[in-house]
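Visitor: For the record, the sequence lines run as chains A and B. Residues in the first sequence are numbered from 977 upward in steps of one, following my numbering. Residues in the second sequence are numbered from 22 upward in steps of one, following my numbering. Glycine included, every Cβ here is placed at the ideal spot set by N, Cα and C.
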Amino acid sequence: KPVSMNAFELISRSKSFNLENLFEK
Amino acid sequence: MGCFSSKARRQFPGHEDPVSLASQTAFTVSEVEALFELYKSISSSVIDDGLINKEEFQLAIFKNRKKENLFANRIFDLFDVKRKGVIDFSDFVRSLNVFHPNAQLEDKIDFSFKLYDLDSTGFIERQEVKQMLIALLCESEMKLADETIELILDKTFLEADVNQDGKIDKYEWNNFVSKNPSLLKIMTLPYLRYGTSLFYFIYRCD
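Written out as structure tokens, the structure is:
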């Protein structure tokens, strides 16, 4: 549930923060 | 070092000797060479000028160059160490170094602080966190009422902003991530661990 998390937990789950895509062709 | 001839240096501005880069980072020389292969592929995806521009960076992350994204923009700006509007090879290696499993925890904390400090004032302000939350909601097509967002921000700043001045300083951030280590998970890329798929990019030097 979003409200039970702090804002940074929510943000850090964003797919856009995932740099792993850089390594995938 | 046939792979890194003077010709390669001319074609790739900001190119630094892999031995030198390896000595300053957690990467081995072979890993720096592998990163060079990855770098070459990203930097030639839109304009083949040996540098990574924002469009190429977005394309590498989202496979879609048109998608404007707050997070990708911020990460690009932090990778653009020399503030030239492009990422050269040494910027690329030094920035990815922070995401190495063996990189210093301090560097990871520092980078994550800068990531959230959107306007680089030295503080993470409530407005910046709200901006990122809204961007996240747009991206995930999740809908939350403004009051709910404010509640999340209240809770977050109650925990993180110890002196309650409405902004999170570096010291408060250090304490906050120590209590919430999962926040640093995004700061480590398993791909950079020795012996993983990073090595698919290794250039075969004849």
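Can a CB atom of chain D be found closer than 9 Å to the CB of B:L154?
Guide: Of the protein chains in this structure, namely A and B, none is chain D.
Visitor: Less than 7 Å between C-beta atoms, sequence neighbours within five positions excluded: which residues of the same chain meet that for B:V53?
Guide: P39, L42, A43, V114
Visitor: Quick one: complete alpha helix (DSSP H) runs, 4+ long, within the stretch 156-200 of chain B?
Guide: 167-181, 191-200
Visitor: Between which two residues does the alpha helix (DSSP H) carrying B:S62 extend?
Guide: Annotation for B:S62: the continuous alpha helix (DSSP H) segment containing it runs 50-64.
Visitor: Just the chain A side, please: which residues come within less than 8 Å of B:T177 by C-beta, in chain order?
Guide: N982, A983, F984
Visitor: Give the single residue among B:M163, B:K164, B:L165, B:W194 whose Cα lies nearest to the Cα of B:T177.
Guide: B:W194
Visitor: Per DSSP, what kind of secondary structure is B:I73 in: helix, strand or coil?
Guide: strand
Visitor: Report the partner residues of B:E146 according to the DSSP bridge assignment.
Guide: B:K188
Visitor: In its own chain, which residues sit with a C-beta less than 6 Å from the C-beta of B:D128, not counting the 5 before and 5 after it?
Guide: V119
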